[in-house]
Structures are given as structure tokens and as C-alpha cells.
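So the number in the working numbering is just where the residue sits in the sequence shown, counting from 1, plus 57.
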Amino acid sequence: MNRIGTGKLRDLNDQIILKLLLRHQEVTKKELANYSRLTVATVGTILNDFLDNGTVVEKEIIYLKKGRPTKKYGLNPEYFHSLCLFVQRKRGRDYLCWQIIDALASVLKQGKELVNDLKLEDILKFIKYLLSQDSRIQIIGLGVPAIISKEIVIESDIPNLKNVNLKAEIEKATGLKTVVKNDMNYTAYGCYLHNNKKDLCYVTFPLNSGPGCGSVINGKLIEGENSIAGEILYLPFFKYLKQEQLCFDYSPEDVALSLCCVASIINPSIVILTGEAIEADDILKIKKICLEYLPSEFMPELTYCANYENDYLLGIQEVIRESFIKQDK
């Protein structure tokens with residue numbers, strides 16, 4: 058059957074179905090029509106196109122008590138692969154953590170590499186090596202512990218990355234679409250997906266570095282005009298711009314005040330705290346101070362997470378899978 062309608066409308070409908078296939082590993086034509094509010098005939102035409110070009114595969118056949126059998130469909134795992142990486146500094150040592158996933162977000166390969174005095178050239182060299190091992194990689198996601206504004210690294214735990222446009226450099230070197238965000242933005246989005254899609258803020262208080270916050274409200278990652286939403290190191294009591302050397306006093310009072318700012322402006326359901334500068338035992342003290350400034354009914358749930366790598370990687374996975382769908386159609 059020939060596709061009808063304008064090119065833009067067809068592309069929009071294709072994107073709608075692809076997004077649904079990202080969320081549902083197996084789904085029937087009727088279910089896709091119900092989720093998308095497109096007609097069953099339109100969904101059927103889109104699926105036929107996707108079957109022809111290898112985007113989707115037919116799954117099991119369901120035999121109903123009444124009516125004709127129906128088929129389930131899912132994304133072809135080999136439709137595209139994604140490269141997910143993040144840069145990490147621990148105890149003065151730099152690491153590149155990575156995963157290669159298929160279209161269904163199944164992990165194909167993963168690893169963690171120690172790199173001394175990490176530079177842009179090291180990242181590019183390693184990415185090119187991984188691309189040489191998997192020709193199906195079509196999109197790259199990179200997370201960095203940094204303030205990123207208009208795609209430029211403004212500040213970072215990795216000094217050699219300062220003032221670098223990582224997105225532009227990687228895309229120039231590889232020819233692949235690349236999504237670069239800071240660690241807390243990716244982590245917040247991953248945690249949002251893990252936590253039944255509750256509004257939340259993920260706040261880090263690292264040693265020898267500034268605090269940061271990633272926020273997801275109503276399903277949207279909050280980044281702001283210059284992508285610095287959540288850079289709470291600029292709050293007045295941290296005096297970041299007045300410091301001659303990077304040294305933060307993470308007293309319970311200052312941590313609590315920063316959380317009061319986050320709670321009163323963003324109003325999340327949950328705030329997750331992480332970073333080496335605080336511990337799980339600090340949570341009760343921090344909450345007690347918060348309640349001196351915030352009414353209890355507006356106080357978000359406070360939790361502590363020592364290791365946020367799972368949320369971090371999930372955030373990278375989902376952001377770049379969604380980005381690939383947008384660029385592909």
C-alpha cells in the first residue's frame with residue numbers, strides 16, 4: 058500500500074510509533090493504535106514499511122477465542138546500536154566507563170578504562186576504537202562531570218576538558234550524532250525512569266569539586282536557557298566565584314539551604330543525595346535543618362545513594378535512544 062499524506066505528517070506518525078516501540082518490547086497493531094490514537098490502518102501501513110526496511114520484526118502470533126489471530130511486533134535489536142560513555146574522576150584518577158547497547162537497550166559489551174591525565178584526544182581515540190569493533194553503532198552519548206553551556210565545557214572535574222566543545226569534536230571525528238550532558242542530568246533522568254516516573258532532583262556533593270543538581274519534572278529534564286539549571290554551586294552561600302581555589306565547605310547547614318532552594322523552586326517529590334562529601338548518616342540532620350525553613354508538607358522525601366552508575370547509564374541509554382528516533386525519521 059502506498060503511503061498517503063504529507064511528508065511531515067508521515068514522519069511524525071513514524072516517530073510516534075517508533076517511540077512506542079522503544080517503550081514496549083512487544084506490542085500488537087491494535088495496542089499501537091490505542092496508544093498512538095492513530096487508526097489501525099495507518100499503524101498497519103507504518104508497520105509494513107518498518108518490516109520491509111528491517112526496523113521492526115514480527116514476534117509471536119496470538120490466537121484469540123474470537124476473530125483472526127493477531128501478531129506482536131517489536132524493534133529489531135540490530136536496527137541500531139548505541140555507544141554510551143561517561144567520564145569519571147575518582148581519587149585523582151580518570152576513567153572512561155562505557156557500554157554498547159542494541160536497539161532494545163540490551164548490553165552487548167561494557168567496560169571501564171583507566172586513563173592517566175585524560176584529554177580530548179584520549180576520548181576520541183577510544184571512541185574510534187570502539188566504533189571499529191561495532192559497525193552498527195549509529196549514535197553516541199557522553200556524560201561528563203562538568204558545567205556545560207551552549208555545548209562548551211565551562212568547568213569540569215577533568216581540567217583538560219575545560220573550554221572544549223565535546224559534541225562538535227566527537228561528531229567531527231566520527232560523523233555520528235552525539236549527545237553530551239553533565240553527569241547529574243543523565244543520572245536524574247535515569248533515576249526518574251527507575252522510580253516510577255516521579256518528579257525528582259538528584260544532587261551531588263563531591264569532594265574537591267562543586268555541587269550540582271539534575272531535575273526531572275513532568276517527564277522533562279530541566280536544563281534552562283544556558284543549560285545551567287541545577288548548577289547550585291552558584292548559590293550565594295557557596296561563594297564559588299569569590300574563591301581563589303576550589304574548596305567547598307559542605308556543612309550540614311549549607312547542604313540543607315541548597316536543598317531548601319531546590320525544593321521551593323522546583324518542588325520535587327524526591328531528592329536523592331550523593332557524593333563523597335556526605336554520608337547516609339547525614340540525612341536526618343540535613344532534613345531537620347531543612348524543616349526549620351520549609352513547611353513539612355512541602356518537604357520532599359530525602360534519600361541517599363552512594364553509587365549512581367546504574368541510573369547514570371540508564372539515563373544515557375534512554376536519552377540517546379530517543380534522540381536517534383528523532384534524527385532517523
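Idealized CB from N, CA, C, for every residue including glycine.
Everything numeric in this text was worked out from a predicted model, so none of it was measured.
Label residue i either buried or exposed according to how many other C-beta atoms from any shown protein chain fall within 10 Å of its C-beta, with 16 as the threshold for buried.
| i | result |
| --- | --- |
| Tyr186 | exposed |
| Val97 | exposed |
| Ala401 | The chain is shown from 58 up to 386; residue 401 falls before or after that span and cannot be answered. |
| Ser353 | exposed |
| Lys238 | buried |
| Gln156 | buried |
| Met241 | buried |
| Ile322 | exposed |
| Asn59 | Low confidence applies to Asn59: its pLDDT is 49, below 50, so where it sits in the model is not reliable, and the reading given next is rough at best. Asn59 should be labelled exposed. |
| Asn275 | exposed |
| Gly281 | exposed |
| Pro126 | exposed |
| Ala203 | buried |
| Phe262 | buried |
| Gly64 | exposed |
| Ser272 | buried |
| Glu349 | exposed |
| Leu264 | exposed |
| Ser266 | buried |
| Gly111 | exposed |
| Glu375 | buried |
| Lys383 | exposed |
| Leu223 | buried |
| Phe355 | exposed |
| Asp31 | The structure shown does not extend to residue 31, since the chain is modelled only from 58 through 386, so no value can be given for it. |
| Asn91 | exposed |
| Gly57 | Residue 57 cannot be examined here, being either before or after the span of the chain that is shown, 58 to 386. |
| Ile119 | exposed |
| Gly168 | exposed |
| Leu218 | buried |
Are residue i and residue j closer than 9 Å when you measure CB to CB?
| i | j | result |
| --- | --- | --- |
| Leu171 | Asp191 | no |
| Tyr246 | Leu199 | no |
| Ala162 | Glu135 | no |
| Leu175 | Leu142 | no |
| Val319 | Val260 | yes |
| Lys207 | Asn283 | yes |
| Ile327 | Cys270 | no |
| Ile194 | Leu233 | yes |
| Val100 | Ile74 | yes |
| Phe294 | Pro268 | no |
| Cys347 | Ala313 | yes |
| Ile377 | Val236 | yes |
Name the DSSP bridge partner or partners of residue i?
| i | result |
| --- | --- |
| Thr360 | Ile329 |
| Gln145 | Tyr152 |
| Glu170 | Leu153 |
| Glu212 | Ile204 |
| Tyr130 | Val84, Glu115 |
| Tyr249 | Tyr249 pairs with nothing; no bridge assigned. |
| Tyr259 | Gly271, Ile329 |
| Gly198 | Cys141, Val236 |
| Ile158 | Ser139, Val164 |
| Lys277 | Ile274 |
Can you round the beta-carbon distance between residue i and residue j to whole angstroms, since I take them to be within the 8 Å contact cut?
| i | j | result |
| --- | --- | --- |
| Ile335 | Thr360 | Contact flag wrong, Cβ pair sits at about 12 Å. |
| Leu140 | Ile197 | 5 Å |
| Ile373 | Tyr291 | 25 Å between Cβ atoms; not a contact. |
| Leu108 | Leu89 | No, Leu108 and Leu89 are not in contact; Cβ-Cβ is about 13 Å, not under 8 Å. |
| Leu316 | Ile343 | 7 Å |
| Glu83 | Lys123 | About 22 Å separates the two Cβ atoms, so there is no contact after all. |
| Leu177 | Val221 | 5 Å |
| Pro424 | Pro325 | Beyond the ends of the chain as shown, which are 58 and 386, falls residue 424; an answer cannot be given. |
Is residue i close to the ligand FAD? I mean its beta-carbon at under 8 Å from any heavy atom of the ligand.
| i | result |
| --- | --- |
| Ile289 | For the structure depicted, the ligand FAD is absent and the ligand set is empty, with no information on it obtainable. |
- prompt: Per the contact definition of three or more C-beta pairs closer than 8 Å, is the segment 217 to 228 in contact with the segment 285 to 300?
  reply: No: the two stretches stay apart, fewer than three of their Cβ pairs being nearer than 8 Å.
message: Does the segment 363 to 381 come into contact with the segment 246 to 265, if we say contact requires no fewer than three beta-carbon pairs (one atom in each stretch) closer than 8 Å?
response: Touching, yes.
field: Validate contact between the segment 133 to 148 and the segment 206 to 218 using beta carbons, cut 8 Å, 3 pairs
entry: The segment 133 to 148 is in contact with the segment 206 to 218.
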